[in-house]
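In case it helps, our numbering puts the sequence shown at residues 236 to 336. All C-beta atoms in this analysis are idealised placements derived from N, C-alpha and C, irrespective of residue type, glycine included. Computed from a predicted structure; not experimentally measured. I have placed the structure first, in the form of structure tokens, so that the comments after it can refer back to it.
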Amino acid sequence: MGVPEAAREYARVIAKGRSRVSGRNFNSIVAFDPDPAQGQGRAVAHSSFHHFADYNWDPRLGCPSFVTDPEGDQVLADAGALDDIRAYVNNLALWLARDLN
């Protein structure tokens with residue numbers, strides 16, 4: 236995932252990651268500012284929806300049937316990790332909702 240050629244003027248990679256399996260770097264989040272020429276609002280492309288799923292906020296709830304990764308307990312072991320996720324989601328919502336004028 237990267238910035239589409241047509242959006243180079245108003246989109247940017249805002250987060251990168253590194254695969255624990257392959258060791259490869261990857262773009263994780265791309266943010267799109269409003270495109271004045273098209274009259275479009277803000278948008279975000281995220282490489283994985285699972286960060287927003289209940290299971291990642293509290294693994295005691297059980298995982299969806301399609302999840303094959305081993306169970307993790309980082310958010311239970313480190314309260315700061317969940318605080319970071321909550322802060323990201325809050326900031327994302329505020330940024331997306333900002334007035335375009």
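Q273 sits in coil when the DSSP states are folded into three classes, being neither helix nor strand.
As summarised for the region 237-272, the continuous beta strand (DSSP E) elements at least 3 residues long and confined to that stretch are 246-253, 260-267, given in chain order.
Restricting attention to R255, I264, G258, the CA atom closest to the CA of V238 is found in I264.
If you compare the alpha carbons of R247, F267, F287 with that of P299, the shortest gap goes to F287. The region 266-282 makes contact with the region 240-250: 3 or more CB pairs, one atom from each, lie closer than 8 angstroms.
Exclusion of the five residues before and after V256 leaves no residue of its chain whose Cβ lies closer than 6 angstroms to its Cβ.
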